[in-house]
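The next block holds one structure in the form of structure tokens; read it before the comments.
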Amino acid sequence: MNFGRLRFVAERAELGEGREVLMSVDIPETPGSFVALHEIIHPRDVTEFVYRFNGTPRAHIVISFRVEKSKAEVAEISAKLKERDMFGEDISDNELAKSHVRYLVGGRLVVPDERLFSFEFPERPGALRKFLLGLHSEWNISLWHYRNYGADVAKVLVGIQVPQSTTQAFEAFLSKLAYHYTEETDNSVFKRFLQ
Numbered sequence: 000m001n002f003g004r005l006r007f008v009a010e011r012a013e014l015g016e017g018r019e020v021l022m023s024v025d026i027p028e029t030p031g032s033f034v035a036l037h038e039i040i041h042p043r044d045v046t047e048f049v050y051r052f053n054g055t056p057r058a059h060i061v062i063s064f065r066v067e068k069s070k071a072e073v074a075e076i077s078a079k080l081k082e083r084d085m086f087g088e089d090i091s092d093n094e095l096a097k098s099h100v101r102y103l104v105g106g107r108l109v110v111p112d113e114r115l116f117s118f119e120f121p122e123r124p125g126a127l128r129k130f131l132l133g134l135h136s137e138w139n140i141s142l143w144h145y146r147n148y149g150a151d152v153a154k155v156l157v158g159i160q161v162p163q164s165t166t167q168a169f170e171a172f173l174s175k176l177a178y179h180y181t182e183e184t185d186n187s188v189f190k191r192f193l194q
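Numbering (numbering that gives the first Met the number 0), first residue to last: 0 to 194.
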């Protein structure tokens, strides 16, 4: 069995055994909504998070996370989402979602002041939270792609709207964060497929 096949089997086993839940979540398209969503999921391990700004009042996210008691936890999470003007649907058994949609969320869109970064987050509890809580309210996440592959670092692609007037503060945030990153804003693949 090759590594690609092994990854497929491992992903399906987690979902099939109810240890991981794949959800579609709609949240308000406003700064701070990612933090609010994460507060509902936390302290569960997020294993995948996919999002692209689409210019509408609602953001559409595909997220997966580890659970202990899938049915009960999903019901609890869905209720908490509803309280925060969010809507979640368990799509763990949806074959189209598992095979294709989770990789195709988003599309092309020119987003004002958008900068794209490829980060290496330490694969440990609190790494995502540290990033989210460090963001200023005037910066908006416009793209997010993360999938846990069991390595010591997670490769996370993030688009952030950074108004010119806040560039210095943003550079200070990156320095204080101390996660390895590469700015991809001028990458030809980003310009061709995501802008």
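No residue lacks a Cβ here, since even glycine has one placed at the ideal position from N, Cα and C.
Practice prompt. Could you pull out every unbroken beta strand (DSSP E) segment of at least 3 residues lying fully inside the segment 110 to 139, listed in chain order?
Written response: You should have 113 to 121.
Practice prompt. Using three-state DSSP, classify E47 as helix, strand or coil.
Written response: Here DSSP, grouped into helix, strand and coil, assigns E47 to strand.
Practice prompt. Going by CA-CA distance only, name the one from S91, A177, E182 and T46 that's closest to F130.
Written response: When each option's Cα is compared against that of F130, the closest is A177.
Fill in: CA-to-CA distance, V157 to V45, given in whole angstroms
A direct Cα-Cα distance of roughly 16 angstroms separates V45 from V157.
Discussion item. If you follow the beta strand (DSSP E) that K68 is in, where does it begin and where does it stop?
Written reply: Unbroken run through K68: none, as it is neither H nor E.
Discussion item. Could you tell me the alpha carbon to alpha carbon distance between G39 and H144, rounded to whole angstroms?
Written reply: First, the amino acid is wrong: residue 39 is Ile here, not Gly. Distance between the alpha carbons of I39 and H144 is about 19 angstroms.
Item to complete: Within 10 angstroms of the Cβ of V8, are there 16 or more other Cβ atoms? Answer buried if so, exposed if not.
Response: Per-residue confidence for V8 stands at a pLDDT of 47, beneath the threshold of 50, marking its modelled position as unreliable; the derived number appears in the next sentence. Residue environment: V8 is assigned as exposed (fewer than 16 neighbouring CB atoms within 10 Å of its CB, all protein chains considered).
Worksheet item: Which term fits V161, buried or exposed, when burial requires 16 or more other beta carbons within 10 angstroms of its beta carbon?
Response: Burial call: buried.
Practice prompt. Between the Cα of G149 and those of H41, F120, I159 and K81, spot the shortest distance and give me the residue it belongs to.
Written response: Residue F120 is the option with its Cα nearest to G149.
Worksheet item: On the three-state DSSP scale, how would you describe V34?
Response: Three-state DSSP puts V34 in a helix.
Worksheet item: Could you check where the alpha helix (DSSP H) with T166 kicks off and where it finishes?
Response: Residues T166 to L176.
Discussion item. Pull the bridge partners of Q160 from the DSSP assignment, please.
Written reply: Answer by DSSP bridge pairing, in chain order: E113 and N139.
Discussion item. Let me make sure I understand the geometry here. Which of V20, D84 and F118 has the alpha-carbon closest to that of D92?
Written reply: D92 has its Cα closest to that of V20, out of V20, D84 and F118.
Discussion item. Tell me which residues share the same chain as L142 and place their Cβ nearer than 6 angstroms to its Cβ, disregarding the 5 neighbours each side in the sequence.
Written reply: So the qualifying residues of the chain are R51 and G158.
Discussion item. Less than 9 angstroms between the C-beta atoms of R107 and V49, yes or no?
Written reply: Contact: no.
Discussion item. Please list the terminal residues of the continuous beta strand (DSSP E) segment that includes E19.
Written reply: E19 to P27 is the span of the beta strand (DSSP E), which, as asked, contains E19.
Worksheet item: Would a C-beta distance cut-off of 9 angstroms place F64 and R83 closer than the cut-off?
Response: At least 9 angstroms separates the beta-carbon of F64 from that of R83.
Worksheet item: In terms of residues, what are the limits of the beta strand (DSSP E) holding F52?
Response: Premise fails: F52 is in no beta strand (DSSP E) and is neither H nor E.
Item to complete: Give me the Cα-Cα distance between V155 and P124, rounded to the nearest whole angstrom.
Response: Straight across, the Cα-Cα distance linking V155 with P124 is about 15 angstroms.
Discussion item. If contacts are defined as beta-carbon pairs under 8 angstroms, then R128 and V66 qualify, I think. What distance do you get, rounded to the angstrom?
Written reply: With a contact defined as Cβ atoms closer than 8 angstroms, R128 and V66 miss out at about 18 angstroms.
Worksheet item: Taking the DSSP output, what are the residues bridged to K81?
Response: BP columns for K81 are empty, so no partner.
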